[in-house]
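Here's the structure we're looking at; comments come further down.
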Amino acid sequence: MQALDSGTLSGIWASVLLPVGPDDAIDVPRLRAALDTVLGSGVHGVYTNGTAGEFFTLTEAECDELHTLVAERATAAGVPFQLGASHPSAQLSLGRVRRAAALRPGAIQVVLPDWLPLRPDEVVDAVRGLADAADGVPLVLYNPPYAKTQLGPELLGRLADEVPELIGVKVPGIAVARHLADRLAVFVAGHTLASAIAEGAAGSYSNVACLSPSGAVRWYESMRADPASALDLERRLRAFLDEHIVPLAEEGYCDPALDKTLAAIGGWAGLGTRVRWPHRSVPPERIPALRAAAAAAVPELLAEPVARG
1 MQALDSGTLS GIWASVLLPV GPDDAIDVPR LRAALDTVLG SGVHGVYTNG
51 TAGEFFTLTE AECDELHTLV AERATAAGVP FQLGASHPSA QLSLGRVRRA
101 AALRPGAIQV VLPDWLPLRP DEVVDAVRGL ADAADGVPLV LYNPPYAKTQ
151 LGPELLGRLA DEVPELIGVK VPGIAVARHL ADRLAVFVAG HTLASAIAEG
201 AAGSYSNVAC LSPSGAVRWY ESMRADPASA LDLERRLRAF LDEHIVPLAE
251 EGYCDPALDK TLAAIGGWAG LGTRVRWPHR SVPPERIPAL RAAAAAAVPE
301 LLAEPVARG
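Here UniProt numbering is used: the first residue of the sequence shown is 1, the next is one more, and so on.
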């Protein structure tokens, strides 16, 4: 596909979530079905190997097979796609970047090496090296709140200056990158987008799309057409997450388990709640009560008929 740039990278991007069987293997038929549902939902693009996509559990062969599948199906559907080459090892990231670049995605998502924290010069060297490996495909840098190396405004600005192949960043909140919104596509947590878009955010790699891909798109469109209504939905959505999803995190469930729980609540695909070993999965029997709470809090996100199973 045509390479993205900081001006064309925007909107609601949905994670490719991995249905996992009892043997911990990826269930490819269910993966294809869920991917096709997302590709037909109206999202502005799909991406692989974020935290929700459990990139840290994939073998290199699984990563490559996933990327081939997504590139083929997204291209056939005419939907932009980004491939995630993230890995805690810089050396393995380089290999993932090179192989992803051969599929010519719109961009490649990366994280910083993550066993040891990096000094500022090492951060620049890492992103520069990943860009060199990408063969002209632009990069998006993901800096989650649990990364060993946290990037502040100054270092993000330096990356924008010194690595022109970097077109976007995914950060927890708009504040750290607000000053770069005219140079980079700044992506924020999905449930904060209505308020962040007024401050320059370009879009989200969206946890809301885990709940409902098409609902997330409708909400995004309302941010332009009816900002007050969009902000009201954000308020109710945050309250739902605080009351019903944050307690699951406090019980110790990891972020991918929470994202799959959102997808199960939305009921748009038979992904299940199982995450890969050694992480624990939210029990399926907890979903009906959570679904009822979501339907009461944010019914406009869940306007589609809910699929069972």
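Beta carbons: idealized from backbone N, C-alpha and C, even for Gly.
Measuring straight from C-alpha to C-alpha, what distance separates Ala227 and Ala194?
For the record, residue 227 in the displayed sequence is Pro; it is not Ala. Taking the CA atoms as reference points, Pro227 sits about 7 angstroms from Ala194.
Taking the straight line between their C-alpha atoms, what separation do you get for Pro29 and Tyr205?
About 24 angstroms.
For residue 342, which residues does DSSP report across the bridge?
Limits of the chain in this structure are 1 at one end and 309 at the other, which puts residue 342 out of reach.
With Ala34 and Pro22 assumed to form a contact (beta carbons below 8 angstroms), what rounded beta-carbon distance in angstroms separates them?
Approximately 18 angstroms separates the beta-carbon atoms of Ala34 and Pro22; this is outside 8 angstroms, ruling out the contact.
Bridge-paired residues (DSSP) for Tyr205
Its beta-bridge partners are Trp13.
Ends of the beta strand (DSSP E) at Val110?
Per DSSP, Val110 belongs to the beta strand (DSSP E) from Ala107 to Val110.
Less than 8 angstroms separating the beta-carbons of Ala177 and Leu9?
By the CB criterion at 8 angstroms, Ala177 and Leu9 fall outside the cutoff.
Would Pro80 and Gly50 be called neighbours here (beta carbons separated by less than 8 angstroms)?
The beta carbons of Pro80 and Gly50 sit no closer together than 8 angstroms.
Measuring only the C-alpha atoms, how far is Arg308 from Ala264?
Low confidence applies here, because Arg308 scores a pLDDT of 35, under 50, leaving its location unreliable and the question unanswered by this model.
Buried or exposed for Ser89, going by 16 or more other Cβ atoms inside 10 Å?
By the beta-carbon neighbour count (other beta carbons within 10 angstroms, threshold 16), Ser89 is exposed.
Compare the Cα-Cα distances from Ser214 to each of Leu302, Thr59 and Gln109 and report the closest residue.
For the options Leu302, Thr59 and Gln109, the alpha carbon positioned closest to that of Ser214 is the one of Leu302.
Cβ of Gly173 within 8 angstroms of Cβ of Thr192?
The answer is yes: Cβ separation under 8 angstroms.
Coarse secondary structure for Lys260, derived from DSSP in three states
Correct three-state label for Lys260: helix.
CA-CA distance, residue 362 and Ala14?
Given a span of 1 to 309 for the chain in the structure shown, any question on residue 362 remains unanswerable.
Could you spell out where the beta strand (DSSP E) holding Ala185 opens and where it closes?
For Ala185, the enclosing beta strand (DSSP E) begins and ends at Ala185 to Phe187.
Alpha carbon to alpha carbon, how far is residue 310 from Glu60?
Limits of the chain in this structure are 1 at one end and 309 at the other, which puts residue 310 out of reach.
So the alpha helix (DSSP H) Gly215 belongs to, where does it begin and stop?
Start and end: Pro213 to Ala225.
If I'm right that Ile12 touches Ala295 with Cβ under 8 angstroms, what's the distance once you round it to whole angstroms?
Rounded to the nearest angstrom, the Cβ distance from Ile12 to Ala295 is 21 angstroms, too far for a contact under 8 angstroms.
Just to confirm before moving on: does the CB-CB distance between Lys170 and Asp114 stay below 8 angstroms?
No, the Cβ-Cβ distance between Lys170 and Asp114 is not below 8 angstroms.
Could you tell me whether any Cβ in chain C is nearer than 8 angstroms to the Cβ of Phe187?
Protein chain content of the structure displayed is limited to a single chain, and chain C is not contained in it.
By DSSP's criteria, Val140 is part of a beta bridge. Which residues make up the other side?
Looking at the DSSP output, Val140 bridges to Gln109 and Gly168.
Report back the beta-carbon spacing between Asn143 and Leu130 to the nearest angstrom; my notes put them in contact at under 8 angstroms.
About 13 angstroms; that fails the 8 angstroms criterion.
Residues near Pro145 in its chain [Cβ-Cβ closer than 7 angstroms; skip 5 each side]:
Cβ contact annotation for Pro145 (same chain, cutoff 7 angstroms, sequence separation greater than five): Pro172, in chain order.
What does the Cβ neighbour count give for Glu251, buried or exposed, with the cut at 16 atoms within 10 Å?
A residue is called buried when at least 16 other Cβ atoms come within 10 angstroms of its Cβ; Glu251 does not meet this threshold and is exposed.
Are there 16 or more other CB atoms within 10 angstroms of the CB of Glu234, so buried, or fewer, so exposed?
Only buried fits Glu234, as 16 or more other CB atoms lie within 10 angstroms of its CB.
Who are the near neighbours of Glu72 in its chain, counting only those whose CB is closer than 8 angstroms to its CB and skipping five residues on each side?
Closer than 8 angstroms at Cβ, skipping near neighbours: no residue.
Boundaries of the alpha helix (DSSP H) in which Asp161 is found, first to last residue
Per DSSP, the continuous alpha helix (DSSP H) segment holding Asp161 begins and ends at Pro153 to Glu162.
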